[in-house]
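Only one structure is covered here, and it is reproduced in the block below.
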Amino acid sequence: EQKVFDLVARAFIAAFYDDCKFETTTVMGETPSNSKTPSNSPLKGENSLPLGEGWGGSKASPSRGGLEGSILFRTTGKVIVEEGWRVVFKKKAEEVNEGEEQASLPVFVKGESGPHIPSLSEKWTTPPKPYTDATLLRAMETAGKTVEDEELRDAMKENGIGRPSTRAAIIETLIRRHYIQRQRSSLHPTPTGFELIDLIHEDILKSAELTGRWEKKLRQIERHEYEARTFLDELKQMVSDIVLAVMRAPSSSIQ
């Protein structure tokens, strides 16, 4: 009971604190793909990046660079500027996110270059745990976190996918249509569910971003910044375009 009271009290107090503010820096470095010896490579960004592996626990992912025969490495670091409401949960936050500060990047000058020695490390990854009813409901509630556009993500912050009264029914509908199935306490996609995702070529229909766009427009309508009629016309046009795209799709993709 004391732990529950402590959690409720902290959550109530934290609501009156300022937002937590942090800075995120993305840095890119470019190196010749056929380089077998240390070479000088330019860094792009506002802070520094080691080529080959991320500094301070951050991840560096390779891709083809802009120069012919070059590889681009990209890493991201985050530093908390103002803790805001986090001070109320400071002890718990340090326990859960003890590695968060390690993702910060050292200071560097944009465009600087220097020698690097590539190194490879082999690790095993594990697939994410399957959803349960509880975790899927939570994922639907916080679906906006997966949207990259900050404005759309903010529009979904208070809503997510569905409403508290409809989310459980959405899960049951997916089960009834054989898109997912229960295995003990876990939820798993069925072959029909996989086929449905492969069949839908419009990525926007498979993303929480669509809900974010609609929530954004509804907010603008509420503030009299957008016409409701225009929004309805856009929805009709979108549905019409999608139907035409499905009708033009190869018959082999629709069974």
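Just so you know, my numbering puts the end of the sequence shown at 584, numbered straight through with nothing missing. Yeah, the Cβ is synthetic: ideal placement off N, Cα and C, and Gly gets one too.
Buried versus exposed, by CB contacts within 10 Å (16 or more), residue i
i	result
Gly-358	buried
Met-576	exposed
Arg-542	buried
Glu-544	buried
Leu-401	buried
Ala-344	exposed
Ile-529	exposed
Ala-338	exposed
Thr-404	buried
Ala-274	Coverage of the chain is limited to positions 330 through 584, which leaves residue 274 absent and any answer about it impossible.
Gln-566	exposed
Thr-502	exposed
Ile-509	buried
Thr-521	exposed
Thr-366	Low confidence applies here, because Thr-366 scores a pLDDT of 45, under 50, leaving its location unreliable and the question unanswered by this model.
Check whether residue i and residue j have beta carbons under 8 Å apart
i	j	result
Val-408	Glu-352	yes
Leu-547	Ile-500	no
Arg-482	Gly-473	yes
Leu-516	Thr-455	no
Glu-531	Val-476	no
Arg-511	Ile-504	yes
Tyr-346	Trp-453	no
Leu-332	Val-410	Correcting the residue type first, residue 332 is Lys in the shown sequence and not Leu. No. Outside cutoff.
Residue from the options whose Cα sits closest to the Cα of residue i
i	options	result
Asp-348	Met-485, Leu-449, Glu-412	Glu-412
Leu-534	Ala-484, Pro-457, Thr-461, Leu-564	Leu-564
Met-585	Glu-480, Ser-494, Asp-478, Ile-446	The shown model of the chain, from 330 to 584, leaves out residue 585, and the question about it has no answer.
Lys-325	Glu-330, Thr-355, Ile-446	Coverage of the chain is limited to positions 330 through 584, which leaves residue 325 absent and any answer about it impossible.
Arg-492	Thr-471, Ile-529, Leu-449, Glu-330	Thr-471
Ala-497	Ser-399, Ser-448, Ala-463	Ala-463
Glu-441	Thr-360, Val-568, Arg-467, Ser-448	Thr-360
Lys-458	Lys-486, Pro-518, Ser-448, Ser-399	Pro-518
Ala-578	Asp-527, Asp-562, Ala-557	Asp-527
Gly-406	Glu-479, Val-436, Leu-573	Val-436
Lys-419	Glu-524, Glu-330, Leu-336, Arg-552	Leu-336
Arg-585	Glu-480, Lys-486, Ser-450	Residue 585 cannot be examined here, being either before or after the span of the chain that is shown, 330 to 584.
Glu-480	Leu-525, Glu-556, Thr-540	Thr-540
N-terminal and C-terminal residue of the beta strand (DSSP E) that residue i is part of
i	result
Leu-401	399-411
Pro-518	515-518
Ile-509	509-512
Extent of the continuous alpha helix (DSSP H) to which residue i belongs
i	result
Phe-334	331-343
Thr-502	496-505
Asp-562	557-577
Glu-451	That residue, Glu-451, is in no alpha helix (DSSP H); it is neither H nor E in DSSP.
Trp-543	538-551
Glu-470	462-470
Asp-347	Note, Asp-347: premise wrong, no alpha helix (DSSP H); not H, not E.
Glu-480	479-485
Expected contact under 8 Å - CB spacing of residue i and residue j to nearest Å
i	j	result
Phe-560	Ile-550	6 Å
Residue i at chain B interface by Cβ criterion, 8 Å
i	result
Ile-550	Structure shown: chain B not included; a single protein chain is present.
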